[in-house]
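Have a look at the structure below before the remarks.
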Amino acid sequence: GDMYLRGDDLPQNAREVLKWYRKAAENGTEAMQIKLSNFLLTETSNYTEVHDLCQKAANRGYAPGAACMGELFMNGWGVDRNVSTAEKWFRKAANEGSALAILRLGQMYWKGEGLKRDRTSAYEFIYLASTSDLLEAEQEKERLEKELTPKELKKGKAKALEWSSQHPALVLHRLYRKSPTTKVN
């Protein structure tokens, strides 16, 4: 599937990517289920299959699966938009180490979406997410650093250190990776 996706020794072919990713997801790990769900999100509108894949991975305690469920509820993709349910999934994924979920919690605090607006909590989570290789988190952190006072920044960093000390085995994961793809026709 990856070879068809990138065009390595095979022509780029989204249908073949989908075929091979589905086989791998059926026989493989939660990571492959999320890889397939990511492909489906970027190439199709098959939200039912995405929901099923993310739900299976999340139910097995896989952080990117829970983050995926949060994204579905946050955006109303194949489900009724529900920021409260999204927040619960993001929090579960954040506690399991998802950088994307940590970032989304920070954004929810910043906007007051599903959570009480709290600038220092927003920075706390966005700062934590920026310690991963998630480019969006680094950009958000830089943006917030221009808008917050030195006191808010200091308090947000202190809260981030406290949160990370309560999650000593935290390994930040990326849910989505950008790669060149072709469209499913």
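For the sequence shown, this note's numbering gives the first residue as 331, with consecutive numbering after it.
Ideal Cβ positions, reconstructed from N, Cα and C, are used throughout, including at glycine.
Small disclaimer: the values here were computed from a predicted structure and weren't measured.
The Cβ atoms of residue 366 and residue 355 sit closer than 7 Å to each other. In this structure, DSSP gives residue 460 a state outside helix and strand, which the three-state scheme calls coil.
Here the alpha carbons of residue 488 and residue 417 stand approximately 22 Å from one another. Taking the CA atoms as reference points, residue 406 sits about 16 Å from residue 431. A distance of 7 Å or more separates the beta carbons of residue 428 and residue 459. The three-state secondary structure of residue 451, taken from DSSP, is helix. The three-state reading of DSSP puts residue 428 in strand, counting E and B together.
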